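Student:
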Amino acid sequence: MDMSHLTELSVSDIVAANRMTAHQWIEILRKPSRLQVLSLHDAIQDGTIQVTGWSVRPPSKLQHLRLVSLGDRKSTVALRLLSIFCSTLLPPGCGVHLNFPEALAHESMTDAIASLIAPLELHFHHNLNLQASETPQVELDIGRFPWSKHGATLGTVPDPTTTLDWNGDVGIEGVMTYLDGASSSPSNPVEFNPPQFPILSVGIQDLSNSVMVNAAVSLCSFILRNATRLRVSVVDSSSHEWNDWTWLSDSLLIEMPEVTKLILDEGGVVHLMDELRQTAQMVLPWSRTLKVLPRLQHIVLDTKAKPESIWAESDGLPEQLESYVSLRRTLGHPVQVIRSEEC
-17 MDMSHLTELS VSDIVAANRM TAHQWIEILR KPSRLQVLSL HDAIQDGTIQ
33 VTGWSVRPPS KLQHLRLVSL GDRKSTVALR LLSIFCSTLL PPGCGVHLNF
83 PEALAHESMT DAIASLIAPL ELHFHHNLNL QASETPQVEL DIGRFPWSKH
133 GATLGTVPDP TTTLDWNGDV GIEGVMTYLD GASSSPSNPV EFNPPQFPIL
183 SVGIQDLSNS VMVNAAVSLC SFILRNATRL RVSVVDSSSH EWNDWTWLSD
233 SLLIEMPEVT KLILDEGGVV HLMDELRQTA QMVLPWSRTL KVLPRLQHIV
283 LDTKAKPESI WAESDGLPEQ LESYVSLRRT LGHPVQVIRS EEC
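Using this note's numbering, read the sequence shown as starting at -17 and increasing by one per residue.
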């Protein structure tokens, strides 16, 4: 397969019997290429990934690649292939979009994640020493996952199923414009390589699966631990059927102690505030030490997402939010609530 002339390649939903092996894909991709974006979803044959002989003839970087998107609904092959990509093929700063399988045994998933964490962090190693003022905003989008109304995406990209989909409405120009924007800073608006922030997004197909949630948090931990801003967007119709939000504080927020600004749309307020209030109520009276969002200073209500909503125009706060704000004030951890269309 001659791909030397291609700048975009997307392969998905291939019948299992017709899929190429990971080794075959690697052999194709290691040839000279102009690829800038690559997407392989349900397109890789499951099995052991052989990389023998690379010590003699190591592959060269895909020097033009700016975004790789991988996923497989039934196996960990995409995770294992990404580990090799991060170690050998991806140029510095290349964005990563990864969709997890639907469900797998605990052992196979944790093993695949464990083998991916170090290569992924090494790939983004130039971003790990950012000052607090430069840390990327973490994005949690719930209910927009294309295959599951109970799914979510976690990373640094808002609504990545749209933002990074060059086959969708935004097109390849829209994706490139987004990548260019992530590659600039106020002091240097000109595009440069590597980008200022990691372009990283992890798709979870079922938030009730604690293994998958914990795996996503583990992969994003090098960003989460220093992040000062978190945006949570919830598509309301996707989440009314289940009410277990303990994963939010137990798995995610506990790993984000530096957050000072929490940005919420209406769905985020409706579904997250009760969980946050319950975690705050667990604080012992004599300690007043919050384990979840201890440094939070501002809650920003994103009125742009649903400007016609009554809560966006009301002088008062939604009941759930008012209760949480009042409790934090009592505990000596006050927060300011701001309405904004500039989130």
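Yeah, the Cβ is synthetic: ideal placement off N, Cα and C, and Gly gets one too. The structure displayed is predicted, hence computed values, not measured ones.
Alpha carbons only, please: which of L244, E240, L235, S183 is nearest the one belonging to L330?
Tutor: Here the chain covers residues -17 to 325 and nothing more, so residue 330 does not appear.
Student: State the Cα-Cα distance for the pair V(-7) and S15, rounded to the nearest angstrom.
Tutor: 17 Å
Student: CB I124 to CB V216, shorter than 8 Å?
Tutor: yes
Student: Can you look up I320 in the DSSP assignment and give me helix, strand or coil?
Tutor: strand
Student: In the DSSP assignment, what are the bridge partners of V282?
Tutor: DSSP output for V282 lists I245, I320 as bridge partner(s).
Student: Quick check: S183 and L206, are their CB atoms within less than 8 Å of each other?
Tutor: Cβ atoms of S183 and L206: not closer than 8 Å.
Student: Within 10 angstroms of the Cβ of E257, are there 16 or more other Cβ atoms? Answer buried if so, exposed if not.
Tutor: Buried: at least 16 other Cβ atoms inside 10 Å.
Student: Once you ignore the five residues that flank N381 on each side, which residues in its own chain have a CB closer than 6 Å to its CB?
Tutor: A query on residue 381 cannot be resolved here, the shown segment of the chain reaching from -17 to 325 and no further.
Student: Could you round the C-beta distance between E121 and P140 to whole angstroms and report it? I think they count as a contact, below 8 Å.
Tutor: The Cβ separation is near 5 Å, so the contact holds.
Student: Would you kindly report the start and end of the unbroken alpha helix (DSSP H) that includes D93?
Tutor: Its alpha helix (DSSP H) spans residues 88 to 105.
Student: So is G137 buried or exposed if we call it buried at 16+ other beta carbons inside 10 Å?
Tutor: Buried.
Student: Using a Cβ-Cβ distance cut-off of 8 Å, determine whether E304 contacts chain D.
Tutor: The chain labelled as chain D is not found in the depicted structure, where only one protein chain is given.
Student: So, do the region 235 to 244 and the region 157 to 164 have three or more beta carbon pairs nearer to each other than 8 Å?
Tutor: no
Student: In the DSSP assignment, find the beta strand (DSSP E) that holds D123 and state where it starts and stops.
Tutor: 120 to 124
Student: Return the CA-CA distance between A87 and A197, expressed in angstroms with no decimal places.
Tutor: Approximately 13 Å, taken between the alpha carbons.
Student: In whole angstroms, what is the alpha-carbon distance linking V(-3) and G249?
Tutor: 37 Å
Student: Check for me: the alpha helix (DSSP H) holding R62 runs from which residue to which?
Tutor: 59 to 66
Student: Helix, strand or coil: how does DSSP classify T145 here?
Tutor: helix
Student: For E89 and L98, what's the separation of their Cα atoms in angstroms?
Tutor: Distance between the alpha carbons of E89 and L98 is about 14 Å.
Student: Going by other Cβ atoms of all chains shown within 10 Å of its Cβ, with 16 needed for buried, is T312 buried or exposed?
Tutor: exposed
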